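I have placed the structure first, in the form of structure tokens, so that the comments after it can refer back to it.
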């Protein structure tokens with residue numbers, strides 16, 4: 020599958036990246052993880068250990084999600100550009116997780132790396148003014164993701 024992405028928007032990144040990572044770190048520490056790294060290196064946002072295993076976590080913020088998840092949003096969508104992480108950690112997919120946090124950083128969908136398969140990458144159907152015409156996403160049914168409280 021050819022992955023198409025939109026242009027990087029540093030202004031948005033600068034606004035949401037650090038609060039997203041901090042919400043994730045807080046959650047992971049509450050779950051018993053020790054944080055090894057959260058520096059920007061263009062790989063996993065946060066690397067942690069728990070029970071002698073290393074885990075890799077990526078976090079994205081969905082600005083349109085506030086309150087409860089709208090059930091008419093049948094899928095959690097993760098940008099297709101995250102495929103590079105699935106490839107990077109292909110031998111450790113059991114320990115790779117993607118988190119999509121809400122606007123207020125208090126809830127997130129957790130999706131396992133093993134769910135991020137090429138057959139899930141597609142273009143959204145219908146028009147959307149926020150996305151370039153060819154941008155692709157992993158489409159994961161929300162019923163197959165884990166809702167966590169941050």
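In the numbering used here, the protein residues as written are 20 to 169. Where a beta carbon is used, it is the ideal one built from N, C-alpha and C, also for glycine. Every value quoted in this text rests on a predicted model; they were computed, and no experiment measured them.
* Secondary structure at residue 73, three-state DSSP: helix, strand or coil? -> Residue 73: strand per DSSP, three-state reduction.
* Asked: To which residues of the same chain is residue 164 closer than 7 Å at the C-beta, ignoring the five residues directly before and after it?
  -> Excluding sequence positions up to five before and after residue 164, its CB lies within less than 7 Å of the CB of 95, 128, 129 and 130, all in the same chain and listed in chain order.
* Candidates 123, 160, 126 and 75: which alpha carbon is nearest residue 114's? -> Among 123, 160, 126 and 75, the Cα nearest to that of residue 114 is on 75.
* Asked: Quick check: the region 88-108 against the region 47-57, are there 3 or more CB pairs under 8 Å?
  -> The region 88-108 is not in contact with the region 47-57.
* Output yes or no for whether 8 Å exceeds the beta carbon distance between residue 117 and residue 101. => For residue 117 and residue 101, yes; Cβs fall inside 8 Å.
* Asked: Buried or exposed: which applies to residue 37, given that a residue is buried once 16 or more other Cβ atoms fall within 10 Å of its Cβ?
  -> Result: exposed.
* To do: Tell whether a beta-carbon distance below 8 Å holds between residue 40 and residue 65.
  => In this structure, residue 65 lies closer than 8 Å to residue 40 by Cβ.
* Could you name the residues of the same chain whose beta carbon sits closer than 6 Å to that of residue 148, not counting the 5 residues immediately before and after it, in chain order? => Here residue 148 scores only 48 on pLDDT, less than 50, and its place in the model should not be relied on; the value that follows carries that caveat. If we look at residue 148 and ignore the five residues flanking it on each side, it has no Cβ neighbours.
* Going straight from the alpha carbon of residue 143 to that of residue 135, what length do you get? -> For residue 143 and residue 135, the distance between alpha carbons rounds to 16 Å.
* **N- and C-terminal bounds of the alpha helix (DSSP H) containing residue 103** => It spans 102-107 - the alpha helix (DSSP H) in which residue 103 sits, taken as one unbroken run.
* Asked: Should residue 122 and residue 168 be called a contact, given that it needs their Cβ atoms to be closer than 8 Å?
  -> Taking a C-beta distance under 8 Å as the contact criterion, residue 122 and residue 168 do not qualify as a contact pair.
* Asked: For residue 77, does the count of other Cβ atoms within 10 angstroms reach 16, so buried, or fall short, so exposed?
  -> By the Cβ-count criterion, residue 77 is buried, with 16 or more other Cβ atoms from all chains shown falling within 10 Å of its own Cβ.
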